[in-house]
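Here is the structure we will look at, set down as structure tokens.
There are 2 protein chains.
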Amino acid sequence: MKIAIDAFGGDHAPTEIIKGVVDAVNAEPGFTAVLFGAEETVRAELSRYAYPADRIEVVDAPEVIGNDESPTEGVRKKKNSSIVKAFHALNTDDAYGAFVSAGSTGAVLTGAVLLLKRIRGINRPALAPVLPTVNGGQVVLVDCGANADCKPLNLVQFARMGKAYANTLGISDPKIGLLSNGTEDKKGNELNKETFPLLKEDASLNFVGNIEGRDILGGAVDVVVTDGFSGNVALKSCEGTALTMFEVIKQNILGGGLRAKIGYLLLKPAFRRVKNVMDYNNKGGAVLLGLQKIVVKSHGSSKAKSITASVLQAYNLCRAGIVDAIAGAMVTASEE
Amino acid sequence: MKIAIDAFGGDHAPTEIIKGVVDAVNAEPGFTAVLFGAEETVRAELSRYAYPADRIEVVDAPEVIGNDESPTEGVRKKKNSSIVKAFHALNTDDAYGAFVSAGSTGAVLTGAVLLLKRIRGINRPALAPVLPTVNGGQVVLVDCGANADCKPLNLVQFARMGKAYANTLGISDPKIGLLSNGTEDKKGNELNKETFPLLKEDASLNFVGNIEGRDILGGAVDVVVTDGFSGNVALKSCEGTALTMFEVIKQNILGGGLRAKIGYLLLKPAFRRVKNVMDYNNKGGAVLLGLQKIVVKSHGSSKAKSITASVLQAYNLCRAGIVDAIAGAMVTASEE
């Protein structure tokens, strides 16, 4: 199995990307990494590390689609960008299972949707991060930003894809909640009110009803279904609050004199564990579900550790056969 | 000035509500509190406290609209409920400036929208909480749940109302951000894309552009404008994450042995300050803006301290003339 990696995507590219890929290759023997980027620079970086030489390939792709340019134009015009070349490789070479990038979200999503083949029955691919829950579990949020405007049918497909994803995480019959502005059955905007009965009637889903934003990390459901706009708002509100709390705790410790500083030193291991629990980016990226190949979008600020996690996540998703699982779930759906 | 209070709304009613009202009356001499609820019970509770006798009145309203019944039916059928009787008093007696309730959000919102007069030019009232920011400031979130489906015009009105609210908090020219799924100008769902140019063209607003969920508590803007569905998702995602973090910190301290426990004891004052900063419910309730009288919705779990804060908040908003300020902002809008 080959995994394509965008060597020039992200704030710390290419150094941290390449370091992360080398670590992934050395940690897991089951795949070949193919780095897409300016070949000379990539090879110079690679020369700093020890790894099995046949396990990392390089494809020259000197162009980069930046965060500040139109993703659609970038994908159309920059034929030699890492994203365009990698997606072409995924489409034409069956050996490729996945693509990992920490580059521009817009370019990765647009490129994937325009260039990669969709799974039959899926109208819209969706972006799904996995978040930590308070009880030590995990929850899949789908969609977190690929589709700002959705139809009820899209949300039902998101639920089925989210279920397939949760299955690969070892959750055999995931509880599925619809993100709403209240837990009562009749709560929601028009989209939610139309989606609710469709999810309820879907015999393949363990739909438990509406959930609120405060329930996302609460562990009561395994998959949260929502449109990409609300999902993005929810995800980033969670992120922002976690960052704010760390900052407010820091301010109060720094302003709390010697007593607080000693307290902080004693609690440092606990704080490190909390940061580790809350920082879902260290556990991989958001996965674009619904295409014939896996696309993992790492956070733009990803360092080597996150890239390693994302590459191993892509590998595990391919091994678990998530594309076939989603395709199977859609066949079941159309047969009902 | 009279302030009407729902004596039987909320998880800790009537005991904590009445205690909170007595504390507010004793703290601020400028208003009379009128408690709406089962008179005998209310008077029995009141007899436990010392306060100026002429500053608290009781209106018998024996019915309660519960969280589990249809708000519309409850408001229509329960003419003797505290909510219906209080709104009737607000509509007919000019002495009343505000209503405070910790009861069913649905019943309070539905009752207010159905029964209270709107400010001329406002199509939809909106619910606005004030949240703490990381730099010690405050941010108004409007709408957080009164309108699940909105039109661009509604959001422009929310921005004007949010500005008037921020003015009463001492922010003279509030920065206004539109909640979106990215910070770029072209980001957003259909609603946002149509709203963006309207906010930009509005000369009365200091519109700074799109913001993400992670910016809500970041302090870069003073007013966050959004539809009630996304606003509710954002608010509750922030709440849920704060609760989750406190819980994860607690678990890690309890599991961290003696060292962590001593650290915790030393950091206790700092944690208390953090909780105090993050718990916006202790600083009052969400305000329903756009009606001819102020409605403050306290959290259902409000104890006396939150009720006191909500009553004083209602008093301050009346004194600051927020209803006239919103009416003025709408006149300016229609004159442009």
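Chain order of the listed sequences is A and B.
Under the working numbering, residues 2 to 337 are what the first sequence spells out, in order.
Under the working numbering, residues 2 to 337 are what the second sequence spells out, in order.
All C-beta atoms, glycine included, are put in the ideal place defined by N, C-alpha and C.
In chain order, 37, 60 and 62 place their CB closer than 7 Å to the CB of residue 86 of chain A, counting only its own chain and leaving out the 5 sequence neighbours on each side. When only Cα atoms are considered, residue 95 of chain B and residue 162 of chain B end up about 22 Å apart.
Judged by DSSP in its simplified three-state form, residue 136 of chain B adopts coil rather than helix or strand. Chain-order list of chain A residues neighbouring residue 216 of chain B: 237 and 241, by C-beta distance under 9 Å. For residue 74 of chain B, there are no neighbours in chain A by C-beta distance under 8 Å, as the nearest C-beta there is about 12 Å away.
Look at residue 211 of chain B: its C-beta is not under 7 Å from any C-beta on chain A.
Comparing alpha-carbon positions, the option among A:13, A:211, A:118 and A:75 lying closest to residue 289 of chain A turns out to be A:118. Among the residues of the stretch 141–157 of chain A, those with a Cβ less than 8 Å away from any Cβ of chain B are 146, 149 and 150, in the order of the chain. Neighbourhood of residue 288 of chain B in chain A, by CB distance below 9 Å: empty, with the nearest CB roughly 18 Å away. For the 7 Å CB-CB criterion, residue 328 of chain A and residue 177 of chain A do not form a contact. Chain-order list of chain B residues neighbouring residue 231 of chain A: 230, 231 and 234, by C-beta distance under 8 Å.
With a threshold of 7 Å between beta carbons, residue 261 of chain B makes contact with chain A.
Straight across, the Cα-Cα distance linking residue 141 of chain B with residue 39 of chain A is about 47 Å. Here residue 192 of chain A really is in contact with residue 228 of chain A; their C-beta atoms are around 6 Å apart, less than 8 Å. According to the DSSP secondary-structure assignment, residue 6 of chain A is paired through a beta bridge with A:36 and A:101. Using a Cβ distance threshold of 7 Å, residue 308 of chain A and residue 21 of chain A count as a contacting pair. Beyond the five residues adjoining it in sequence on each side, residue 317 of chain A comes within less than 8 Å, by CB distance, of 169 in the same chain, given in chain order. Using beta-carbon distances, residue 77 of chain A does not count as an interface residue toward chain B, since no partner is under 7 Å. Leaving aside the five residues that flank residue 165 of chain A on each side, the residues in its chain whose CB is nearer than 7 Å to its CB run, in chain order, 323, 326, 327 and 330.
Counting along the chain, residue 24 of chain A sits inside the alpha helix (DSSP H) bounded by residues 16–28. Closest in alpha carbon position to residue 222 of chain B, among B:203, B:243 and B:173, is B:173. Of all alpha-carbon atoms in A:235, A:252 and A:153, the one lying nearest the alpha-carbon of residue 203 of chain A is that of A:153. Straight-line measurement puts the Cα of residue 268 of chain A at about 11 Å from the Cα of residue 255 of chain B. Short of 7 Å from the beta carbon of residue 201 of chain A, and not among the five residues preceding or following it, lie these beta carbons of its own chain, in chain order: 208. Under the three-state reduction of DSSP output, residue 212 of chain B falls in the strand class.
For residue 177 of chain B, the enclosing beta strand (DSSP E) begins and ends at 176–180. Annotation: the continuous beta strand (DSSP E) that includes residue 226 of chain B extends over 224–226. Here residue 332 of chain B is exposed. Its C-beta has fewer than 16 other C-beta atoms within 10 Å. Below 8 Å, enough C-beta pairs join the stretch 7–27 of chain A and the stretch 41–55 of chain A to call them touching: three or more. Under the DSSP assignment, residue 114 of chain B falls in the alpha helix (DSSP H) whose first and last residues are 106–116. When secondary structure is reduced to three states using DSSP, residue 119 of chain B falls in the strand class.
Between the stretch 125–145 of chain B and the stretch 231–239 of chain A there are fewer than three C-beta pairs closer than 8 Å, too few to call the two in contact.
In the DSSP assignment, residue 59 of chain A falls within the unbroken beta strand (DSSP E) covering 57–61. The C-alpha of residue 31 of chain B lies about 40 Å from the C-alpha of residue 189 of chain A. Beta-bridge annotation (DSSP): residue 82 of chain A is paired with A:64. For the set A:278, A:8, A:300 and A:3, the Cα lying nearest the Cα of residue 82 of chain A is the one of A:8.
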